[in-house]
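Written below as structure tokens is the structure these notes are about.
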Amino acid sequence: MNLQKPRIILVGGGGHCKACIDVIEAQNMYEIYGILDVEKNIGKRLLSYKIIGTDDDIPELVNDVHQFFITVGQIESNKIRVRIFNAIKNAEAFLPLIISPTAYVSKHSDIGGGSIIMHHALVNASAEIGENCIINNKALVEHDVEIGNHCHISTGAILNGGVKVGDNCFIGSGSVIKQGVVIAPNSFIKANSFIKANL
40 MNLQKPRIIL VGGGGHCKAC IDVIEAQNMY EIYGILDVEK NIGKRLLSYK IIGTDDDIPE
100 LVNDVHQFFI TVGQIESNKI RVRIFNAIKN AEAFLPLIIS PTAYVSKHSD IGGGSIIMHH
160 ALVNASAEIG ENCIINNKAL VEHDVEIGNH CHISTGAILN GGVKVGDNCF IGSGSVIKQG
220 VVIAPNSFIK ANSFIKANL
């Protein structure tokens, strides 16, 4: 029996979108219906998927496709991701959790909708991750870590046991956060930082 996979629309057509497509294809749970991006890119393709509109079209598209995923990256600011997240929520669409088949995610962890766990990331027992987060390739989220909403934990970052990260934070590639450290909301941690005290 051939069961059709649920369709999903990606919002954001840049480099991070390519990485998300790779994870979604590897997960093999969704059919990518199309991508939303800026108006000038409508009709173009990204990794063979067509750009079908802008995020202004979400309220109309939700009548046909109920699942959306934010594929805008987050480095300098997460404002665009948060705005799109709110637009999708207001349209009463669904934001799934996307997990790469090469990631390890403990069954004893808790992760919010709209988040993505990318290739070879590791999320250990009793970790809690909020909504609309990016846990990028090879990031380590150790036991009892708490990560708020709308955060980006970059490639190869290490969050040791009991670390707490507030909402809207960016943790740069290769950073190491010492066990038990608290990172205040809206913090920006540069790549290759070693954080050994609360911020």
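If you read the sequence shown in the numbering used here, its first letter stands for residue 40, the second for the next number, and so on.
All residues carry an ideal CB built from backbone N, CA and C; glycine is no exception.
Treat the numbers as computed from the prediction; the structure is a model and nothing was measured.
Do residue i and residue j have their C-beta atoms closer together than 7 Å?
| i | j | result |
| --- | --- | --- |
| residue 216 | residue 238 | no |
| residue 141 | residue 55 | no |
| residue 75 | residue 94 | yes |
| residue 186 | residue 162 | no |
| residue 144 | residue 156 | yes |
| residue 136 | residue 127 | no |
| residue 201 | residue 218 | yes |
| residue 193 | residue 211 | yes |
| residue 189 | residue 176 | no |
| residue 107 | residue 48 | yes |
| residue 231 | residue 117 | no |
| residue 113 | residue 120 | yes |
| residue 86 | residue 57 | yes |
| residue 147 | residue 160 | no |
| residue 132 | residue 105 | yes |
Pull the bridge partners of residue i from the DSSP assignment, please.
| i | result |
| --- | --- |
| residue 185 | 167, 203 |
| residue 50 | 75, 109 |
| residue 179 | 161, 197 |
| residue 191 | 173, 209 |
Look up residue i in the DSSP assignment and say whether it is helix, strand or coil.
| i | result |
| --- | --- |
| residue 161 | strand |
| residue 62 | helix |
| residue 219 | coil |
| residue 238 | coil |
| residue 40 | Note on residue 40: pLDDT 43, under 50, position unreliable in the model; the coordinate value appears next. It is coil, neither helix nor strand. |
| residue 224 | coil |
### Query
Could you give the uninterrupted runs of the beta strand (DSSP E) lying entirely in the stretch 74-152, keeping only those of 3 residues or more?
88-92, 106-109
*asked:* Does the structure place the stretch 79-91 close enough to the stretch 125-144 that three or more beta carbon pairs sit under 8 Å?
replied: no
I'd like to know if the stretch 69-83 and the stretch 164-177 are in contact, where contact means that at least 3 CB-CB pairs between them fall below 8 Å. no
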